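Here the structure comes first, spelled out in structure tokens, and everything after it is commentary.
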Amino acid sequence: MMKQLIRRSTQLSCFVELSTGTALVLFPAFVIQLLLGKSLPDGGHQLAQLYGAALIGLGIACWSSVQVPVAGSSRLRLGLMLYNFGAAFLLAGFSVNGTAQGLMVWPAVLIHFALGGLMLINQQSKRLF
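Per the numbering used here: the sequence shown ends with 128, consecutive numbering throughout.
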């Protein structure tokens, strides 16, 4: 079970980013309220939607690299792994300093940290065996 989860970590991360990106494009104010516990300032809707589009692009690029491995696909997965760790640490920092107090901020931290960790284990196991 754990080996399967580790093997599927990139696909799971792609699904999370595609889902979050789609939600940000369609419902930016709602997603930001859940994560940060704040409303969006002027221009915030557009910025949140732009970020959502970027997440969709990242999710699609990495998903396709999992389905049909091509040259450079390991770099796409590395980028996704680094994004997960970066998102986890930034969201945790936002919460600790009080700028993010949304209902979903800590679940998002844990999801991103777990996905990054699973992807790291997956990368290390490929190098060792």
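Don't be surprised by glycine CBs; every beta carbon is placed ideally from N, CA and C. Here the structure is a predicted model, which is why all the values come from computation and not from measurement.
Cα-Cα separation between residue i and residue j, rounded to whole angstroms
{"i": "V30", "j": "A22", "result": "7 Å"}
{"i": "L89", "j": "M0", "result": "30 Å"}
{"i": "A87", "j": "S63", "result": "24 Å"}
{"i": "Q100", "j": "L34", "result": "7 Å"}
{"i": "P27", "j": "A47", "result": "6 Å"}
{"i": "G56", "j": "L77", "result": "15 Å"}
{"i": "Q81", "j": "G116", "result": "Looking at the sequence provided, one finds Leu at residue 81 rather than Gln. Their backbone Cα atoms lie some 10 Å apart in a straight line."}
{"i": "V104", "j": "Q122", "result": "27 Å"}
The alpha helix (DSSP H) enclosing residue i, as first and last residue numbers
{"i": "A10", "result": "The sequence as given places Gln at residue 10; Ala does not occur at that position. Taken as a continuous stretch (DSSP letters only), the alpha helix (DSSP H) holding Q10 covers S8 to L25."}
Per-residue DSSP class, three states only, for residue i
{"i": "N83", "result": "helix"}
{"i": "G97", "result": "coil"}
{"i": "P106", "result": "helix"}
{"i": "G36", "result": "coil"}
{"i": "M0", "result": "coil"}
Beta-carbon proximity check, residue i vs residue j, cutoff 8 Å
{"i": "L75", "j": "S12", "result": "no"}
{"i": "H44", "j": "N83", "result": "no"}
Proximity test, Cβ basis, 8 Å: residue i and chain B
{"i": "F29", "result": "You won't find chain B in this structure, because it holds only one protein chain."}
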